[in-house]
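Peer 1: Protein chains in written order, with the numbering used here: chain A, 2 to 140; chain B, 2 to 140. Cβ coordinates follow ideal geometry from the N, Cα and C atoms, glycine included. Please read all numbers here as calculations on a predicted model, not as lab measurements. Got a structure for you, written out below as structure tokens; questions coming shortly.
Protein chains: 2
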Amino acid sequence: MDSGELRKAGLKATLPRLRILSILEKNNDLHLSAEDVYKALLEAGEEIGLATVYRVLTQFEGAGLVIRHNFEGGRSVFELDSGEHHDHIVCLECSKVFEFTDAAIEARQQRIAAQHGFRIGEHSLVLYGHCTKTACPNR
Amino acid sequence: MDSGELRKAGLKATLPRLRILSILEKNNDLHLSAEDVYKALLEAGEEIGLATVYRVLTQFEGAGLVIRHNFEGGRSVFELDSGEHHDHIVCLECSKVFEFTDAAIEARQQRIAAQHGFRIGEHSLVLYGHCTKTACPNR
DNA sequence: ATGTATGCAAAACATTTGCACCTGG
DNA sequence: CCAGGTGCAAATGTTTTGCATACAT
Numbered sequence: 002m003d004s005g006e007l008r009k010a011g012l013k014a015t016l017p018r019l020r021i022l023s024i025l026e027k028n029n030d031l032h033l034s035a036e037d038v039y040k041a042l043l044e045a046g047e048e049i050g051l052a053t054v055y056r057v058l059t060q061f062e063g064a065g066l067v068i069r070h071n072f073e074g075g076r077s078v079f080e081l082d083s084g085e086h087h088d089h090i091v092c093l094e095c096s097k098v099f100e101f102t103d104a105a106i107e108a109r110q111q112r113i114a115a116q117h118g119f120r121i122g123e124h125s126l127v128l129y130g131h132c133t134k135t136a137c138p139n140r
Numbered sequence: 002m003d004s005g006e007l008r009k010a011g012l013k014a015t016l017p018r019l020r021i022l023s024i025l026e027k028n029n030d031l032h033l034s035a036e037d038v039y040k041a042l043l044e045a046g047e048e049i050g051l052a053t054v055y056r057v058l059t060q061f062e063g064a065g066l067v068i069r070h071n072f073e074g075g076r077s078v079f080e081l082d083s084g085e086h087h088d089h090i091v092c093l094e095c096s097k098v099f100e101f102t103d104a105a106i107e108a109r110q111q112r113i114a115a116q117h118g119f120r121i122g123e124h125s126l127v128l129y130g131h132c133t134k135t136a137c138p139n140r
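Right, here's the structure in full:
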């Protein structure tokens with residue numbers, strides 16, 4: 002049980018929080034929207050309010066447990082913060098998300114930021130494209 | 002007058018469209034939201050509806066005249082598409098935006114996408130950070 | 001107990017759409 | 001003239017908030 006993680010983040014270990022954390026853990030490869038999490042919980046027979054999902058996800062983000070992405074398409078998606086930064090490739094057709102990291106890119110980013118007098122906090126690199134060989138509906 | 006540009010994009014050269022284009026040109030260094038454009042036009046004494054601004058910006062995006070960004074914070078911002086791709090650095094404190102390009106990063110992005118069986122359409126690299134020497138309110 | 005968290009419904013935003021009227025070519 | 005564009009208001013979709021109730025410690 003992750004009560005510890007929550008406590009450490011200064012959050013009471015309530016049932017809704019534990020459940021949301023559990024959904025995120027179970028789908029760590031996916032990137033879920035608040036509604037996705039909500040539906041997953043309902044389907045699992047759990048009772049929860051959508052507002053709670055939003056509140057908890059926002060708190061998790063503030064606590065550094067979760068990362069919020071603003072990919073194309075209005076809604077935010079969330080993933081557990083593994084601690085290791087990574088970038089994303091999003092298929093514009095099937096919405097599948099791949100993750101990657103590249104040391105060379107990271108290094109250049111730091112240098113560029115410094116050149117512009119910036120101290121980088123977070124950064125997000127998202128490649129939008131089209132699958133050519135995966136299970137993408139369009140091949 | 003940019004009637005030509007519009008015509009070329011298959012769009013009638015109407016007054017609202019010309020005005021919006023003009024606002025974007027005048028603020029090419031900024032990244033404006035639909036509401037920003039709307040307000041700018043109202044302040045300039047022009048009559049226009051917010052819905053029209055949204056419609057026109059979306060059409061411009063489709064026509065490749067404009068690029069839409071989903072930076073942090075729910076709303077979309079727009080900038081004229083200069084034709085030359087570039088990345089962004091956004092100050093989390095003063096919201097100032099700097100642009101840059103880096104050939105090495107671009108090259109690696111292509112390679113990485115290819116490795117994952119992706120054909121890249123668009124991509125967006127945004128560094129979120131803090132100014133250290135510009136006119137940022139927090140220095 | 002008691003301060004916090006939750007659920008529900010209502011509110012707040014950003015954006016889109018239906019429709020009658022206006023306009024550019 | 002006529003297809004397409006615009007304005008307004010209403011609809012949508014997402015996220016936030018107020019408030020009375022329920023829960024963790």
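Taking DSSP as the reference, what is the three-state secondary structure of B:Arg120?
Peer 2: Counting from one through the second sequence, the residue named residue 120 of chain B turns up at place 119. Strand at B:Arg120.
Peer 1: Which residues in chain A have a C-beta closer than 9 Å to the C-beta of B:Glu120? List them in chain order.
Peer 2: Taking the second sequence and counting its residues from 1, one reaches residue 120 of chain B at position 119. Going by the sequence as given, residue 120 of chain B is Arg instead of Glu. What B:Arg120 touches in chain A: Gly130, His131, Cys132 and Thr133.
Peer 1: Kindly indicate which three-state DSSP category A:Leu58 falls into: helix, strand or coil?
Peer 2: Locating residue 58 of chain A in the first sequence gives position 57, counting from the first residue. A:Leu58 falls in the helix class under three-state DSSP.
Peer 1: Whose C-beta lies closer than 8 Å to the C-beta of A:Tyr147 among residues of the same chain, with five residues either side of it excluded?
Peer 2: There is no way to answer for residue 147 of chain A, as the model of chain A reaches only from 2 to 140.
Peer 1: Please report the distance separating the alpha-carbon of A:Leu93 from that of A:Arg69.
Peer 2: Indexing the first sequence from 1 puts residue 93 of chain A at position 92. Indexing the first sequence from 1 puts residue 69 of chain A at position 68. Rounded to whole angstroms, A:Leu93 to A:Arg69 spans 19 Å at the Cα level.
Peer 1: Any beta carbon of chain B sitting closer than 8 Å to that of A:Arg68?
Peer 2: For the purposes of this step, residue 68 of chain A is taken as residue 67 along the first sequence, with counting starting at 1. Here the sequence assigns Ile to residue 68 of chain A, which means Arg is not the residue at that position. Not closer than 8 Å to any Cβ of chain B, the Cβ of A:Ile68 fails to qualify, so no.
Peer 1: With a cut-off of 8 Å on the beta carbons, I'd call A:Val141 and A:Asp82 a contact; round off their distance for me.
Peer 2: Because chain A is modelled from 2 through 140, residue 141 of chain A falls outside the range shown and cannot be assessed.
Peer 1: Quick check: the Cα distance between B:Gly130 and A:Leu16, rounded to an integer number of angstroms?
Peer 2: In the second sequence, residue 130 of chain B corresponds to position 129, counting from 1. In the first sequence, residue 16 of chain A corresponds to position 15, counting from 1. Rounded to the nearest angstrom, the two C-alpha atoms are 35 Å apart.
Peer 1: To which residues of the same chain is A:Leu1 closer than 8 Å at the C-beta, ignoring the five residues directly before and after it?
Peer 2: In the structure as shown, chain A starts at 2 and stops at 140, and residue 1 of chain A therefore has no counterpart that could be examined.
Peer 1: For A:Glu44, does the count of other Cβ atoms within 10 angstroms reach 16, so buried, or fall short, so exposed?
Peer 2: Locating residue 44 of chain A in the first sequence gives position 43, where the first residue counts as 1. Counting Cβ neighbours within 10 Å, A:Glu44 comes out exposed, since fewer than 16 surround it.
Peer 1: Beta-carbon separation of A:Phe79 and A:Leu25 under 8 Å?
Peer 2: Position 78 of the first sequence, counted from the start, is the residue given in the question as residue 79 of chain A. Position 24 of the first sequence, counted from the start, is the residue given in the question as residue 25 of chain A. Yes, these two residues count as a Cβ contact at 8 Å.
Peer 1: Check each candidate in B:Ala114, B:Glu62, B:Gln60 and B:Ala105 and name the one with the smallest Cα separation from A:Ile113.
Peer 2: Taking the first sequence and counting its residues from 1, the one referred to as residue 113 of chain A is at position 112. The candidate whose alpha carbon is nearest that of A:Ile113 is B:Ala105.
Peer 1: Whose C-alpha, out of B:Ala10, B:Arg8, B:Ala41 and B:Gly11, is nearest the C-alpha of B:Ile21?
Peer 2: Numbered from 1 along the second sequence, position 20 holds the residue referred to as residue 21 of chain B. Checking every option, the nearest Cα to that of B:Ile21 belongs to B:Ala41.
Peer 1: Taking only three categories from DSSP, how would you classify A:Ile49?
Peer 2: For the purposes of this step, residue 49 of chain A is taken as the residue at position 48 of the first sequence. Three-state result, A:Ile49: coil.
Peer 1: Mapping the DSSP letters down to three states, classify A:Gly130 as helix, strand or coil.
Peer 2: Position 129 of the first sequence, counting from 1, holds the residue named residue 130 of chain A. Here A:Gly130 sits in strand by DSSP.
Peer 1: Taking only beta-carbon positions, decide if B:Gly34 is within less than 8 Å of chain A.
Peer 2: Indexing the second sequence from 1 puts residue 34 of chain B at position 33. A small fix is needed here, since residue 34 of chain B is Ser in this sequence, not Gly. Taking Cβ atoms only, chain A never reaches closer than 8 Å to B:Ser34, which makes this a no.
Peer 1: My output table needs one value for B:Leu81: the three-state DSSP class, helix, strand or coil.
Peer 2: On the second sequence, position 80 is the one that residue 81 of chain B refers to. Note: B:Leu81 maps to strand in three-state DSSP.
Peer 1: With DSSP as the reference, please indicate the residues paired to A:Asp30 in a beta bridge.
Peer 2: Counted from its first residue, the first sequence places residue 30 of chain A at position 29. Its beta-bridge partners do not exist; DSSP assigns none.
Peer 1: Tell me the residue span of the beta strand (DSSP E) that contains A:Ala69.
Peer 2: As a position in the first sequence, residue 69 of chain A is number 68, starting the count at 1. Ala is not the amino acid found at residue 69 of chain A; the sequence shown has Arg there. It spans Val67 to His70 - the beta strand (DSSP E) in which A:Arg69 sits, taken as one unbroken run.
Peer 1: Is DSSP giving B:Glu100 helix, strand or coil here?
Peer 2: To locate residue 100 of chain B, count along the second sequence from 1; it is residue 99. Strand, per DSSP.
Peer 1: Let me check one thing: in DSSP terms, what residues is A:Ile24 bridge-paired to?
Peer 2: The residue you call residue 24 of chain A lines up with position 23 of the first sequence. Answer is none; A:Ile24 lacks a bridge partner.
Peer 1: Output the distance between the C-alpha atoms of A:Thr59 and B:Val57, rounded to the nearest integer angstrom.
Peer 2: Taking the first sequence and counting its residues from 1, one reaches residue 59 of chain A at position 58. Taking the second sequence and counting its residues from 1, one reaches residue 57 of chain B at position 56. When rounded, the distance between both Cα atoms is 33 Å.
Peer 1: Between which two residues does the alpha helix (DSSP H) harbouring A:Asp3 extend?
Peer 2: Mapped onto the first sequence, residue 3 of chain A falls at position 2. It is not in any alpha helix (DSSP H) - A:Asp3 carries neither H nor E in the DSSP assignment.
Peer 1: If you draw a straight line from the alpha carbon of A:Thr133 to that of B:Glu123, how long is it in whole angstroms?
Peer 2: Within the first sequence, numbered from 1, the residue matching residue 133 of chain A stands at position 132. Within the second sequence, numbered from 1, the residue matching residue 123 of chain B stands at position 122. Rounded to whole angstroms, A:Thr133 to B:Glu123 spans 15 Å at the Cα level.
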